[in-house]
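Protein chains in written order, with my numbering: chain A, 1 to 249; chain B, 1001 to 1668; chain C, 2001 to 2208. Virtual Cβ for every residue (Gly too), placed ideally from N, Cα, C.
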Amino acid sequence: MKFTINVWRQSGPKEKGGIATYKVNNISDDMSFLEMIDVLNEQLIIQDIEPVVFDHDCREGICGMCSMFINGEAHGPGRGVTTCQLHMREFQDGDTITIEPFRAKAFPIIKDLMVDRSAFDRIIQAGGYVSVNTSGNLPDANATPIEKQDADAAFDAATCIGCGACVATCKNASAMLFTSAKVSQLSLLPQGKIEASERVLNMVKQMDLEGFGNCTNTGACEVECPKGISIENIARMNRDYISASLSSK
Amino acid sequence: MSKLNANIPDGSLADKWTKHKAKIPLVSPANKRQIDVIVVGTGLAGSSAAASLAELGYNVKAFCFQDSPRRAHSIAAQGGINAAKNYQNDGDSTYRLFYDTIKGGDYRSREANVHRLAEVSASIIDQCVAQGVPFAREYGGLLDNRSFGGVQVSRTFYAKGQTGQQLLLGAYSALSRQVAKGRVELLSRHEMVELVKVDGKARGIIARNLVTGELERHSAHAVLLCTGGYGNVFYLSTNAMGSNVTAAWKAHRKGAYMANPCFTQIHPTCIPVSGDSQSKLTLMSESLRNDGRIWVPKNSEDAAAIRNGNLKPTELTEENRDYYLERRYPAFGNLVPRDVASRAAKERCDAGYGVNKTGEAVYLDFSSAIQRFGAEAALVQGVKNPNDDEIRKLGEKVVESKYGNLFQMYEKITAQNPYKTPMMIYPAVHYTMGGIWVDYNLMTTVPGLFALGEANFSDHGANRLGASALMQGLADGYFVAPYTVGTYLSEDITTGKISTNSPEFEEAENISRKRMEGFLNNKGSIPIEVFHRELGKIMWSQCGMARNAKDLKKGIADIRLLRDKFYADVKVPGKMNEMNPELDKAGRVADFLELGELMCIDALTREESCGGHFREEFQSKEGEAVRKDDEFAFVAAWEFAESDPGKSKLHKEELSFQDVKLNTRSYK
Amino acid sequence: MALTGLFLCSFLVVHLIGNLPLLSGDKEAFNGYAHFMTTFPLIKIVSYLLYGSIVLHSIDGILLTRKNKAARETDYVKYNGKANASWSSRNMAILGTLTLVFLIIHMKSFWYEMHFGSVPTYISEEGVELKDLYTITVAAFQELWYALFYVISMMGLGFHLWHGFASSFQTLGLSHSKYTPIIEIFGKSFSVIVSLAFASIPIYLLLS
């Protein structure tokens, strides 16, 4: 297979970026999208052109590091996949593919396709935890039974990989799906309920400080989320937020 | 060869840890505030250790090369985490978990460490639940368990197929809480490139800021390496792309011994390599072997026809199929342990029976299971005289309910429907049991340098049991290191801040800078990736699933040649003081090129077959592993010498087994 | 946004019912309704609430749009919005602006005239002095462009509601696997019925 690759090149956060066009040949349809980029990069190195910088690590769709905006969609045209799980057979031979970084003010570009998503870390630091120290004397794990439905819903929310596709795809660059996934997971579990009010207020505050946009319920995040995190979590967070705001002292 | 002191406490096995904890010196809260600790790596071991030490009051700096601690590759673990809770009342106990782990490791691990691991395992589950880890639960609201290979009890806690993710996010939450409190300084996108020793003690690291390219000096009273395994020495593995040995190898070069580096776990059920540009292998949970039957064609002509695409596997009749595991191991069949299943697949493919384009794949076939489940379901549902089609449909439904997500994952990667055509699988490098040698306190041979999790060698011997890696990472980080590191630090309360202006830091930084400049100024023409791929091929063919002296010697020679070629011809683009992933990769590959040689040397030295280490010269007539306990019941700890891995010196830690009797594993 | 939006939805219902006499040509009923709406004290209070809501909803919308635009400083070269979100959900600001422009013109034409303009009066059958808004309205919609403007605006309103109605519930956190689908269907039906009903008035008056 042959492709024409339009890829965003930007040498640094403050530098002006633009689209560069390259051709790649000899791509097999079994290759993953990132392997296609590997081939492109090896070719660029030989031609004395700086290789395209991009984030990637586990290449099995769980670490959340890969982050490309492909042909106008976060993680490309596939559903329920990260960029590393997208395969070239999803494209037609001879296609032109446009690749851009995840764009948001809160995700400044580091270089080329690599962006800084530490805003997500700071949102978690604002309250995405249960305040319990390491101890060998905690209550037995089975001391508090948890309704299976709640445990499963908490798990579903907890499968968020923090890739930022929700922000990238949202026309408002909103981080509501990410934030609400963590808020939901913990507020559904008895262990997390205790500090739920404070958590939701602090995490939402941090989310706003980071410069993410607001949710207008387009639902695009849910469609593009590689883990299928539901926007029900956003509603749950809104509910928690309203009641926490009203009841806070 | 000198003897190593593992500092195992006295007393009976069951009392060692309790007594040891009771006797260790403490550090007062005021003094803890004066003490700095560096934690390198933020996987299960690193995140949990950093969080726990910060909670105690130490000043912690946590480093990871990824953009966030949450990306560490612990996240990819699927199956579960073992703990001796005995919730199922099926006879589990601390001792049984200890015994299973020792036996599973083919009697090449240290009794005292393994027993401690089993002891603290239950606390891990309590800790994780308190943190909000959403483990799978039963309808009654209590925790669910599943069973795993090599054991007869159900002690594995899980969160669907994403247990590693959930546990890591729990540890990451705990870490984040300490970051918010200012107790942990988080340095993501930083890679440790050198260890700094002052007066013989580990006192800091040189780290490269991967965004700006600057070399930074960081000092501390102790350094914890939680940097995971080195499976990527094989180029293709189930590890993440960034997983590397650099931090561990730099420590090794500075005096930390590497123990049993040749012990590698090769997992039998991975998706095969599809082409030369493949960068990564994906694991399919071993639970598939419960219902799938593994086979290759009986005749090599059929295999060739399949490879050429002239024959479909479904067209091959039963008598023309070779269910080689069932043939060789009638008692265990498709459920033999990982190492045995892997070697058997390799044997068939090497003999020319492989079934994919590259000839390196075998079938994992669910058609029998689909038939069986289908017939059962028809009976239960009262379908009278079901035809084949109906049975198939019903059977596929049952298989889907059991393995649906795995089948879907397989289809995403291969574009083949595993319900209709057998899956293709092949073994792949998955985990490294070997690692930095540590004593009972997890301290390496460099005072003040600790190694936790997969980075150390201590608990899994020559073969790791499923669902034990997560257990070890969290045990080390949450429950062992906070005690043992504190013991070491109790002698440092009056030391004061370690200066980064000392000649030792200066020298370490200069060495790092020179090495990197050397790469950048090299007038080579070959991309780094080419060398890594080549190294992987050498390792896989000479030091892979089955090893022999001749191949290992050839491997050593090939690696040395490749290393020379690397330094002469490698082309590293870009500059020093900028984001430059190729430069980072060059450093990692350079270290792999040294480690690879040491692995071959270790494999050559160990003239026996045990666990994942199979020497073809040491097998029974039936082709089974032959262990030699009288000669090789030791940990091979290698000291780096004379700037050349080929000159590494062997030190032995003799393993003594007081509580278990050494037996031969048989699966016939 | 959600609260004001839902309140405005409730007003739409009242307004629509009040305007239905236009379709039946019932001059008395319509003018009576207009009279009632401009003089009844309680309605006065509610009307201020309504004006407040319109202003709040608009300002909120403008602020929201500004903040959301600022959250992405550089636009994508290629953005395939239709792949994952409905057209109306992606164009709420434009649809809202169109509705606001319509509202201003609409209020200038009728509300302003009714309150401060010189609408001819007459004595109704019940002996009350009524302003003859009916005749003015019927006359206004004889103009093709004016009627057309109304119809287009109502389509805009329809699309605005198509997303906006159910979206308000989501914002308020009222999501439930059983009830949310019902709210969504109701919201969509509501948007179609309300916009078609309103649009039918100018069309009817133009044609009749």
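For a cutoff of 8 Å on Cβ pairs, would you count M1001 of chain B as touching chain A?
Because the pLDDT of M1001 of chain B is 46, which lies under 50, any placement of that residue in the model is unreliable, and the number read from its coordinates should be weighed accordingly. Cβ-Cβ to chain A under 8 Å: no for M1001 of chain B.
Between the Cα of E1194 of chain B and those of B:R1606, B:E1506, B:Y1235, spot the shortest distance and give me the residue it belongs to.
Nearest option by C-alpha distance: B:E1506.
Can you list, in chain order, the residues of its chain with a C-beta nearer than 7 Å to that of R122 of chain A? Leave out the 5 residues immediately preceding and following it.
If we look at R122 of chain A and ignore the five residues flanking it on each side, its Cβ neighbours are Q206, E210.
Determine contact between the stretch 223-235 of chain A and the stretch 2168-2182 of chain C, defined as no fewer than three beta-carbon pairs at a distance below 8 Å.
Result yes; three or more Cβ-Cβ pairs closer than 8 Å.
For A1557 of chain B, which residues from the same chain have a beta carbon less than 6 Å from its beta carbon, with the 5 sequence-adjacent residues on both sides left out?
The answer is none, since no qualifying residue turns up.
From Y1235 of chain B to K1298 of chain B, what does the alpha carbon distance come to, in whole angstroms?
Between Y1235 of chain B and K1298 of chain B, the C-alpha separation is close to 32 Å.
Run the proximity test for T1414 of chain B: is its beta-carbon closer than 7 Å to any non-hydrogen atom belonging to the ligand COA?
The ligand COA is absent from the structure shown, which contains no ligands of any kind.
Using the Cβ count rule (16 or more neighbours within 10 Å means buried), how would you classify Q149 of chain A?
Result: exposed.
Taking 8 Å as the threshold (beta carbon to beta carbon), is L2098 of chain C in contact with chain A?
Closer than 8 Å: no.
Taking only beta carbons into account, state which residues of the stretch 113-129 of chain A come closer than 7 Å to chain C, listed in chain order.
Correct list: empty, as no residue qualifies.
Excluding the 5 residues flanking G2187 of chain C on each side, which residues of the same chain have their C-beta closer than 6 Å to its C-beta?
Once the five neighbours on either side are set aside, the close Cβ partners of G2187 of chain C are F2165, A2166.
Using DSSP's beta-bridge definition, name the partner residues of T2121 of chain C.
T2121 of chain C is bridged to C:K2131.
Going straight from the alpha carbon of A1508 of chain B to that of V1037 of chain B, what length do you get?
Going by the C-alpha atoms only, they are around 19 Å apart.
Take the Cβ of W1638 of chain B as the centre, count every other Cβ of all protein chains shown within 10 Å, and call the residue buried at 16 or more, exposed below.
By the 10 Å Cβ count, W1638 of chain B comes out buried.
Which value, in whole angstroms, describes the spacing of the CA atoms of S2189 of chain C and T179 of chain A?
If you take the alpha carbons of S2189 of chain C and T179 of chain A, they lie about 32 Å apart.
Give a yes or no on whether 8 Å exceeds the smallest Cβ distance from G1673 of chain B to chain A.
The requested residue 1673 of chain B is not part of the displayed model; chain B covers only 1001 to 1668.
Contact defined as beta carbons within less than 8 Å: I believe M65 of chain A pairs with H56 of chain A. What is the distance between those atoms, to the nearest angstrom?
Correct: roughly 6 Å between the Cβ atoms.
Going by Cα to Cα distance, which pick from B:Y1426, B:E1111, B:H1190 is closest to A1345 of chain B?
Per the Cα distances, B:Y1426.
Kindly list the residues whose CB is nearer than 6 Å to the CB of I1271 of chain B, restricted to its own chain and excluding five residues on each side of it in sequence; keep chain order.
Only T1282, I1413 meet the Cβ criterion.
Measuring only the C-alpha atoms, how far is S28 of chain A from Q85 of chain A?
Using only the alpha carbons, I get a separation of about 15 Å.
List, in chain order, every chain A residue whose beta-carbon is nearer than 7 Å to that of E2073 of chain C.
Result: K105.
Decide if the stretch 1199-1217 of chain B is in contact with the stretch 1081-1092 of chain B; the criterion is three or more beta carbon pairs, one per stretch, under 8 Å apart.
Verdict: no, contact absent.
Within 10 Å of its beta-carbon, does V2192 of chain C have 16 or more other beta-carbons around it, so buried, or fewer, so exposed?
Looking at its Cβ environment, which holds fewer than 16 other Cβ atoms inside 10 Å, V2192 of chain C is exposed.
Got a sec? Which residues, its chain only, sit under 8 Å from Y1087 of chain B by beta carbon, not counting five neighbours each side?
If we look at Y1087 of chain B and ignore the five residues flanking it on each side, its Cβ neighbours are L1142, L1143, N1145.
From A2147 of chain C to L2206 of chain C, what does the alpha carbon distance come to, in whole angstroms?
Between A2147 of chain C and L2206 of chain C, the C-alpha separation is close to 7 Å.
Determine the contact status of E195 of chain A and E73 of chain A, defining contact as a CB-CB distance below 8 Å.
No, Cβ-Cβ distance for E195 of chain A and E73 of chain A is not below 8 Å.
Hey, A1220 of chain B and K1032 of chain B: beta-carbon distance below 8 Å or not?
No; because the gap between Cβ atoms is not below 8 Å, this pair is not in contact.
Mind listing, in chain order, the continuous alpha helix (DSSP H) runs of no fewer than 4 residues lying wholly within the stretch 71-131 of chain A?
Fully enclosed alpha helix (DSSP H) runs of 4 or longer: 118-125.
Does the Cβ-Cβ distance between H1460 of chain B and G1046 of chain B come in under 8 Å?
No, these two residues do not count as a Cβ contact at 8 Å.
Counting only Cβ pairs nearer than 7 Å, list the residues of chain B close to L138 of chain A.
Within 7 Å Cβ-Cβ: D1126, Q1127, A1130.
Which residues in the same chain have their Cβ closer than 7 Å to the Cβ of S1666 of chain B, if we skip the five residues on either side of it in sequence?
Within the same chain, S1666 of chain B has no close Cβ partners at all.
Is F1098 of chain B near V1114 of chain B, with beta carbons less than 8 Å apart?
Yes, these two residues count as a Cβ contact at 8 Å.
For P1427 of chain B, report the span of its beta strand (DSSP E) as first-last.
That run of the beta strand (DSSP E) goes 1423-1432.
At 7 Å on the CB atoms, spell out the chain C contacts of R9 of chain A, in chain order.
Going along chain C, no residue has its Cβ under 7 Å from R9 of chain A, so there is no contact; the nearest lies around 12 Å.
Along the stretch 2166-2187 of chain C, where does the CB come closer than 9 Å to a CB of chain A? Name the residues.
Those residues of the stretch 2166-2187 of chain C that come within reach of chain A (Cβ to Cβ, closer than 9 Å) are A2166, S2167, S2168, F2169, Q2170, T2171, L2172, G2173, L2174, S2175, H2176, S2177, T2180.
Does the beta carbon of M78 of chain A sit closer than 8 Å to a beta carbon anywhere in chain C?
Looking at the sequence itself, residue 78 of chain A is Gly, so the reference to Met does not match. No, G78 of chain A does not count as interfacial toward chain C.
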